[in-house]
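Asker: Here the protein sequences come in this chain order: G and S.
Residues 1 to 316, numbered by this note's numbering, are exactly what the first sequence covers, in order.
Residues 1001 to 1222, numbered by this note's numbering, are exactly what the second sequence covers, in order.
Built from N, CA and C at the ideal position, the CB exists for glycine as well.
There's a structure below that I have some questions on.
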Amino acid sequence: MDMASIALPRRRSAVARGRAEQREERAAYLFLSPWLIGLLVFWFGPIVASFVLSFTDWNLLNPPHWIGGENYHTLRHDYNFSQSVHVTLRYTVMAVPLYIVAGFGLSLLLNLRMRGMNLFRTILFVPSVLSGVAVAILWMSLLNPDVGAVNGFLEALGWANPPRWLGSPTWAVPSLVLIGLWGVGGSAIIYLAGLQNIPAQLYEAIALDGAGSWQRFRYVTLPMLTPTLLFVLLTSLIGAIQIFDTAFVLGGQQGGTGGSLRFYLINLWQEGFTQGQLGYASALAWIFVVAAAVIILAIFRTSGRWVYYEDGVDQI
Amino acid sequence: MAAVDHSDPQFSRRHVVRAFFVAHPRFRKRIGQLTAYALLVALSLFILMPVAWMITAALKPDLEPVFTVPTEWFPTTFWHWENFARVFNGTGLPFMRYTINSCIVVAGNILGTVISCSLVAFAFALGAGLAGAAGALLSPLSVMTPDMGLLAVLKAFAVVVVGGFGNIPGTIVAGFVMGIAESLGGGFISATYQDSIVFIILAVALMIRPTGLVRERLEENI
């Protein structure tokens, strides 16, 4: 009897394998098949198809013709494309750091042991249970530049001509950031879970060493929360570059005033489904996928330097 | 306690320092709590005002404009609860159909999730449940300590190895065989070495049949 057969008693040569084991394997694949078929047909198939279509001029009506890399060449002179990249980056740079800092601060507040904290936690989570379309319509009314409640409030405070919010090319993106900030309680709940998982003995130990509240935060809370920060950073980054539903309701398919809300996916949707240029839209989609993958990989590569895992795992 | 001698500079300085450290943190904590409450109330208002506006706007009549300057938080005429009924029968849109569609999607989603998750969880729960049952069966027999059952766990592991990993019938057979062997060995050979018998069987079994005692036979019979 060799060592391998002791360590892995199930794994033997194909000849010696029993019929029962083969049948069990067949059964396993049979049970997996609905999921596997769904994955191949409805997920993997369209992905491959869109890659092939990105090299064609398909417009739904005529059969696709192979045009090589022309779609990718057109991109460089397409104003809508460069504007959509600019708008999306502007939103991402404004929203992601703000949401991370605000959510983190809010979770620190909600983590205090005080009377009535459950009520505040519930209230701050309310926006997260509303659907994106309902939130967009609600804020469209509130941010109405002439009769909306927000500008009424600002005027009452003495601001003579408050911003025109979604109607103004300058303020359209900040309006979306503000609407997203309203729902920051959702990420605060994730931080809160991370905060409550920090073992109490670490705080005891650092208190015995004479640390103040800032040092407790800097040397225990922050390092122990870096995995949560990485998670929220990645999900909010992906959410920011993929913004669609709120922007679509607020800005329409033209992307707001002067294209100030022409986010990347709005532009993609318009090229594909109102202009009917599905080949070109596929090329846009692939540029997007590659760019997102590069950004996410870059974050993962640097995460080893600032994310701390207590159990010694240095990569997710 | 002796009367405080304020002329002693050493003492009075110590007194002041102690007063500072005793009273100050408590005072600071109170201030901190008040600040936290103020912040939380302000944030809650920021969250709730749009929701409140949404609710009162839903109760306004059509003729009264939803938008007024300054913003009207409450309908001036009586509250129009019938707006909610009109959603379903007064808009000309098949709103009931939309609602049913959403319900179908949600119900299908939940059903699929619950079924698949419970199947997966069952595999984990079976293992955990068996371990729990074993613990419950063991506890009347031994002293309740945090590390109770260590020997039982070692023996159980030996039983599983002899019976075959992942082979529940084989493990049951091996458990009976080894349990009886241990009791008989304790009676006929030596009660002192009773605990070693299981491990001797394990060593022998590993030498002659490392795939588990009853594995081959079961495979042919299934």
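Just how far apart, CA to CA, sit residue 160 of chain G and residue 125 of chain G?
Answerer: Answer to the nearest angstrom: the Cα atoms are 33 Å apart.
Asker: In this structure, how does DSSP classify residue 1192 of chain S when only helix, strand and coil are distinguished?
Answerer: If DSSP states are grouped into helix, strand and coil, residue 1192 of chain S belongs with coil.
Asker: Residue 300 of chain G by DSSP, collapsed to three states: which one?
Answerer: If DSSP states are grouped into helix, strand and coil, residue 300 of chain G belongs with the helices.
Asker: Under a three-way DSSP split, which group does residue 159 of chain G fall into?
Answerer: Of the three classes helix, strand and coil, the one that applies to residue 159 of chain G here is coil, per DSSP.
Asker: Report the rounded CA-to-CA distance for residue 113 of chain G versus residue 1029 of chain S, giving the unit in angstroms.
Answerer: About 12 Å.
Asker: Taking DSSP as the reference, what is the three-state secondary structure of residue 1220 of chain S?
Answerer: Per-residue confidence for residue 1220 of chain S stands at a pLDDT of 47, beneath the threshold of 50, marking its modelled position as unreliable; no derived number is given.
Asker: I want to see whether chain G comes within less than 8 Å of residue 1081 of chain S, judged by CB atoms only; does it?
Answerer: Closer than 8 Å: no.
Asker: If you follow the alpha helix (DSSP H) that residue 245 of chain G is in, where does it begin and where does it stop?
Answerer: Element bounds for residue 245 of chain G: 245-251.
Asker: Measuring CB to CB, does residue 237 of chain G end up less than 8 Å from residue 96 of chain G?
Answerer: Yes, they are a contact pair.
Asker: Helix, strand or coil for residue 170 of chain G per DSSP?
Answerer: Of the three classes helix, strand and coil, the one that applies to residue 170 of chain G here is coil, per DSSP.
Asker: Residue 1175 of chain S and residue 1159 of chain S look like a contact to me (Cβ under 8 Å); what is the Cβ gap, rounded to whole Å?
Answerer: That belief holds up - the Cβ atoms of residue 1175 of chain S and residue 1159 of chain S are roughly 5 Å apart, short of 8 Å.
Asker: Run through chain S and tell me which residues come within less than 9 Å of residue 47 of chain G, C-beta to C-beta.
Answerer: Here the premise fails: no neighbours, minimum Cβ distance about 23 Å.
Asker: In whole angstroms, give me the CA-to-CA distance for residue 1166 of chain S and residue 1123 of chain S.
Answerer: C-alpha separation (whole angstroms): 12 Å.
Asker: Give me the DSSP bridge partner(s) of residue 66 of chain G.
Answerer: DSSP output for residue 66 of chain G lists G/56 as bridge partner(s).
Asker: Determine, using beta carbons only, whether residue 1148 of chain S comes closer than 8 Å to chain G.
Answerer: No, residue 1148 of chain S does not count as interfacial toward chain G.
Asker: Residues in the same chain with beta-carbon distance under 8 Å from residue 278 of chain G, minus the five sequence neighbours each way, listed in chain order, please.
Answerer: Same-chain partners within the cutoff: 53, 58, 59, 60, 272.
Asker: Using the beta-carbon count (16 or more within 10 Å), is residue 1081 of chain S buried or exposed?
Answerer: When all chains shown are included, residue 1081 of chain S counts as exposed.
Asker: In terms of residue numbering, what span does the alpha helix (DSSP H) encompassing residue 35 of chain G cover?
Answerer: 19-39 is the extent of the alpha helix (DSSP H) around residue 35 of chain G.
Asker: Check whether chain S comes within 8 Å of residue 182 of chain G, counting only Cβ atoms and requiring the distance to be less than that.
Answerer: Output row for residue 182 of chain G: interface = yes.
Asker: For a cutoff of 8 Å on Cβ pairs, would you count residue 149 of chain G as touching chain S?
Answerer: By this cut-off, residue 149 of chain G is an interface position.
Asker: Under the assumption that residue 225 of chain G contacts residue 176 of chain G (Cβ atoms under 8 Å), give the Cβ distance between them as a whole number of angstroms.
Answerer: About 27 Å; that fails the 8 Å criterion.
Asker: Enumerate in chain order the residues of its own chain whose CB-to-CB distance from residue 75 of chain G is below 6 Å, with the five nearest sequence positions on each side excluded.
Answerer: Here the set comprises 81.
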